[in-house]
Amino acid sequence: MAGGVRAALSRHLTVDADTLAERTASPEPASTPWGEARPLRISPQLRRTGSYERRGKPRKVADRGEAKRRLAELAARQTEETRRARDRLVTGGPIRLSRLGELDPLAFQLFLRLLGDALATWRPDTSTTAATSGDGSMEVRLTALDDGARAEVRTPTVCSAAPTT
1 MAGGVRAALS RHLTVDADTL AERTASPEPA STPWGEARPL RISPQLRRTG
51 SYERRGKPRK VADRGEAKRR LAELAARQTE ETRRARDRLV TGGPIRLSRL
101 GELDPLAFQL FLRLLGDALA TWRPDTSTTA ATSGDGSMEV RLTALDDGAR
151 AEVRTPTVCS AAPTT
């Protein structure tokens, strides 16, 4: 077959044993011009639609209603959990980290993401930095304090502590 046509036709081409033996015994060089190459018989269906008709009985259409319902329930539950975590983190103004109280695991994950983003922008010559959530609904501002206190953030299983400077 000429050029890169072999790969393109192999997806659709069905060859019987006689034709395969003939083509194997006398292959068409890739440099053969189309007009001089031996003809290929192509199914009218393939020529018209670009695909062969499938043999055998058609596949059964799967009912995905239950899977879609479960995904919708999961998305709704995750949205509600995230909303509750955000509500738990709202302070209404500046507050020391230690005064946040105990955070549930989801609120703690959300807080840690924002805290990590804020700390990533921290530089030695700065005293304040901030990070905003991807959707813009939450912001964490960090300010260095010189009082020597330690910041503690608690969850039911962990107490994370760090100096405030």
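Just so we're aligned, residue 1 is where the sequence shown starts under the UniProt record's numbering, counting upward by one.
Here a beta-carbon is modelled for each residue, glycine too, at the ideal position from N, C-alpha and C.
Query, Result
"Under 8 Å between the Cβ atoms of residue 107 and residue 88?", "yes"
"State yes or no: is the C-beta of residue 28 within less than 8 Å of the C-beta of residue 38?", "yes"
"Kindly give me the distance between the Cβ atoms of residue 132 and residue 139, rounded to whole angstroms, as I take these residues to be in contact under 8 Å.", "5 Å"
"Near residue 70, what residues of its chain come up, given a Cβ to Cβ distance below 6 Å and the 5 sequence neighbours on each side ignored?", "none"
"Can you give the Cα-Cα distance for residue 101 and residue 142, rounded to whole angstroms?", "17 Å"
"Could you check how far apart the C-beta atoms of residue 103 and residue 59 are, in whole angstroms? I think they sit under 8 Å.", "Their Cβ separation, rounded to whole angstroms, is 49 Å, which puts residue 103 and residue 59 out of contact at 8 Å."
"CA-CA distance, residue 83 and residue 93?", "19 Å"
"Determine the extent of the alpha helix (DSSP H) in which residue 154 is found, giving its start and end residues.", "It is not in any alpha helix (DSSP H) - residue 154 instead sits in the beta strand (DSSP E) that spans 150-154."
"Does residue 145 pass the burial test, meaning 16 or more other C-beta atoms within 10 Å, or should it be called exposed?", "exposed"
"Which residue wins for smallest C-alpha separation from residue 96, given the options 18, 33 and 151?", "151"
"By DSSP's criteria, residue 66 is part of a beta bridge. Which residues make up the other side?", "Per DSSP, none; premise fails for residue 66."
"Check whether the Cβ atoms of residue 86 and residue 110 lie closer than 8 Å to each other.", "yes"
"Hey, could you find the ends of the alpha helix (DSSP H) residue 113 is sitting in?", "105-120"
"Counting only the same chain and skipping the five closest in sequence on each side, list residues whose C-beta sits under 6 Å from that of residue 160.", "153"
"Specify the secondary structure class of residue 72 as computed by DSSP and reduced to three states.", "helix"
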